[in-house]
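In what follows, a single structure is set out as structure tokens and then discussed.
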Amino acid sequence: MTDGPGTALSRRRALALSVGFGAALWTSGRIGPAAAQGGPAPLLSRPIPRSGEALPVIGLGTAYVFDVGDDATQRDARAAVIRTLLAGGGTLVDTAPSYGRAEALVGEILAAGGSRSGVFLATKLEEYDRTSGPAALAASLRQLRTDRVDLMQLHNVSDLRQDLAMMREWKAQGRCRYIGITTTYRGAFDVAEAVLRREKPDFLQIDYSLDDREAEGRLIPAAAEVGAAVLTALPFGRNRLFRAVQGRPLPDWAAAFDAHSWGQFFLKYLLGNPAVTAVIPGTGNPEHMQDNLGAGRGRLPDAAERRRMVDFIGSLG
Ligand SMILES: NC(=O)c1ccc[n+]([C@@H]2O[C@H](COP(=O)([O-])OP(=O)(O)OC[C@H]3O[C@@H](n4cnc5c(N)ncnc54)[C@H](OP(=O)(O)O)[C@@H]3O)[C@@H](O)[C@H]2O)c1
694 MTDGPGTALS
704 RRRALALSVG
714 FGAALWTSGR
724 IGPAAAQGGP
734 APLLSRPIPR
744 SGEALPVIGL
754 GTAYVFDVGD
764 DATQRDARAA
774 VIRTLLAGGG
784 TLVDTAPSYG
794 RAEALVGEIL
804 AAGGSRSGVF
814 LATKLEEYDR
824 TSGPAALAAS
834 LRQLRTDRVD
844 LMQLHNVSDL
854 RQDLAMMREW
864 KAQGRCRYIG
874 ITTTYRGAFD
884 VAEAVLRREK
894 PDFLQIDYSL
904 DDREAEGRLI
914 PAAAEVGAAV
924 LTALPFGRNR
934 LFRAVQGRPL
944 PDWAAAFDAH
954 SWGQFFLKYL
964 LGNPAVTAVI
974 PGTGNPEHMQ
984 DNLGAGRGRL
994 PDAAERRRMV
1004 DFIGSLG
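What follows is the structure, encoded as structure tokens:
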């Protein structure tokens, strides 16, 4: 994946190469209303409804992009992604045992950097089964080199009668601090809504992007009703949104809500929905991580601006 269209990111890359990642990045490129007041604006946080604990709105997804082998360059780049997330004020890292070598690499990077305590670590349970569940939990904790995760999510909920009692027990035992469910399958949205309303997990993770707004209809409002935090999977529709705007300049009006790259434009649309707690774009590229963090700073689009964003993406055909 290249940076896609737009030159702001390329300018940032040039500066990053010369001075390293950090606050200096934010003096490059166009400076928005927030940054113009002096230095980068702080990364926004939102409360986890169940506890009030503040969660920075920009997180990191690790599917595919962290499933790398022994190549030192690739592994170093993922370590730099996590360092960039943390240096920028982010904490949330989402992984899963089914993401190949990603879960183990996250564990290795956090252990090597001594950064476990600064991370809100989310992973998933692949199969809800009383017999195999405890071993699956133990395996994830081992891979992640920790004795508890912050969030344990039932991956791809699919059974209308699903209970979450086993995960609640893990929470009571201190093996996880929050529990959640995930889905990115249209056919399972009814199931996810039923389980959400009945079991009232602490988190819902669902696919939601500027060009895929199905979750806005019922699932995200249902999460808000039951007091579940919302994490948005696939915020770029993998690379679908970047492909849709390939070769196009960012509209001038995006600067009014401090979006200075397409990545920030796409993520700010999601964060403009107050029911969204955090977005978890996936990246294996520290410059993209830095770019994505910019979406959590400054103004967010209001309802009229969000409608304009939807019209814009719809007009691309
Ligand atoms: N059922 C579930 O629970 C479920 C399902 C799917 C996904 N998820 C979660 O959602 C996370 C996000 O999904 P995803 O990673 O598949 O898709 P995504 O976040 O929509 O898109 C990731 C792609 O965008 C690129 N990218 C990231 N930031 C960019 C930037 N600023 N500029 C240009 N390109 C950028 C990445 O390439 P680079 O590496 O080159 O940056 C990567 O190819 C996953 O990692 C996972 O944690 C959960």
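Everything in the sequence shown is counted per my numbering, starting at 694 for the first residue and increasing by one.
Note that the Cβ used here is the ideal one computed from N, Cα and C, for glycine as well.
- Per DSSP, the unbroken beta strand (DSSP E) holding T925 starts and ends at A922 to A926.
- Taken through DSSP and simplified to helix, strand or coil, L903 comes out as coil.
- Between F959 and A947, the gap from beta carbon to beta carbon reaches 8 angstroms or more.
- Set against 7 angstroms, the gap from the CB of H953 to the closest heavy atom of ligand 1 is not smaller.
- Between L993 and G956 the beta-carbon gap is near 15 angstroms, outside 8 angstroms, which marks them as no contact.
- In this structure, V888 sits near V850, with a CB-CB distance shorter than 8 angstroms.
- When only Cα atoms are considered, L847 and D945 end up about 41 angstroms apart.
- Within a 10 Å sphere around the beta-carbon of S744 sit fewer than 16 other beta-carbons, which makes this residue exposed.
- Straight-line measurement puts the Cα of M982 at about 35 angstroms from the Cα of D852.
- Y757 has its Cβ nearer than 7 angstroms to a heavy atom of ligand 1.
- Secondary structure remark: continuous alpha helix (DSSP H) runs of at least 4 residues inside the stretch 936-984, in chain order: 955-964.
- Under the three-state reduction of DSSP, S744 is assigned to coil, being neither helix nor strand.
- Relative to A804, the option among S825, L837, G793 and R823 whose CA is nearest is L837.
- Shortest Cα-Cα distance from A917 to any of P742, L737 and G732 involves P742.
- At a cut-off of 4 residues, the continuous stretches assigned as alpha helix (DSSP H) that sit fully inside the stretch 823-847 are 826-837.
- Within the same chain, D760 come within 6 angstroms of G793 by CB-CB distance, once the 5 residues on both sides are set aside.
- Excluding five sequence positions before and after A915, the CB atoms of its chain that fall closer than 7 angstroms to its own CB belong to E886, L889 and R890, given in chain order.
- A straight line joining the alpha-carbon of S954 with that of A926 spans about 20 angstroms.
- Relative to the non-hydrogen atoms of ligand 1, the Cβ of G793 never comes closer than 7 angstroms to any of them.
- Note that the C-beta distance between L857 and E819 is not below 8 angstroms.
- Within the same chain, and ignoring the five residues on either side of I775 in sequence, the residues whose Cβ sits closer than 6 angstroms to its Cβ are I802.
- In the DSSP assignment, K817 falls within the beta strand (DSSP E) that extends over F813 to L818.
- W863 and R823 have their C-alpha atoms spaced approximately 12 angstroms apart.
- The stretch 749-758 and the stretch 968-988 touch, with three or more beta-carbon pairs separated by less than 8 angstroms.
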